[in-house]
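Numbering (mature numbering (1 follows the signal peptide of the UniProt record, and there is no 0)), first residue to last: -26 to -1, 1 to 138. Quick reminder that beta carbons are idealized off the backbone N, C-alpha and C, glycines included.
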Amino acid sequence: MKTQKSFFTKAFFLALALVFTFGLSACGKKTNRPADANVNLNINGAPETGKMIDITDLNNQTVTTTPGDILYLKFAGVLENGYQWDFTAPTSGDYLMLKDHQFNKTPDAQNQKIENYTNEWRIKIEKTGIFDLQFNYNDYRRLNKKGLSALKPDKIFKLKIISE
């Protein structure tokens, strides 16, 4: 009986020592690795070229750009009808960077209760490639539990971009 008690006592203290050792090592000082020298930390992206391309009237067309060019797009709408323009593509690839987005509302000249709005986007091209730029015009009053992807847009603005 004494040997069994002695065995359990030794096992208990051994387990306690292991827990204590691992606990201390987990609380030890951690050193941060230096950043990889090959990582691009430029959060501004491609340098701007100074060229702004107005794509407002270019729906369903193709535009050739260069990284650093700015695309300008202006939509108009009426606030009270529940519709809104959304950016829907591209959703990956790091092709674009939003430079500026302005939403301006103005009263309608005929009816002061109705407010018109303009939705202006300035988007910078970040890298070369071929991709689609797309905005959908949706009625958010129809939004249901299935989410935004279940809405069929009333209007689509789509542009093929070739960035060289």
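Note: ARG96 is bridge-paired with TYR46 and ASP74 in the DSSP secondary-structure output.
If the five residues before and after PHE61 are omitted, its C-beta is found closer than 7 angstroms to the C-beta atoms of PHE109, all from its own chain and listed in chain order.
Taking the CA atoms as reference points, PRO21 sits about 12 angstroms from MET71. With contacts defined as CB atoms closer than 8 angstroms, LYS101 and ASP68 qualify as a contacting pair.
Rounded to the nearest angstrom, the gap between the Cα atoms of THR65 and LEU107 is 9 angstroms. In the DSSP assignment, SER137 falls within the unbroken beta strand (DSSP E) covering 129 to 137. When DSSP reads this structure, THR23 sits in no beta bridge, so it has no partner. Nearest Cα to PRO127 within the set ASN112, THR39 and GLY42: ASN112. Beyond the five residues adjoining it in sequence on each side, LYS129 comes within less than 8 angstroms, by CB distance, of ASN110 and TYR111 in the same chain, given in chain order.
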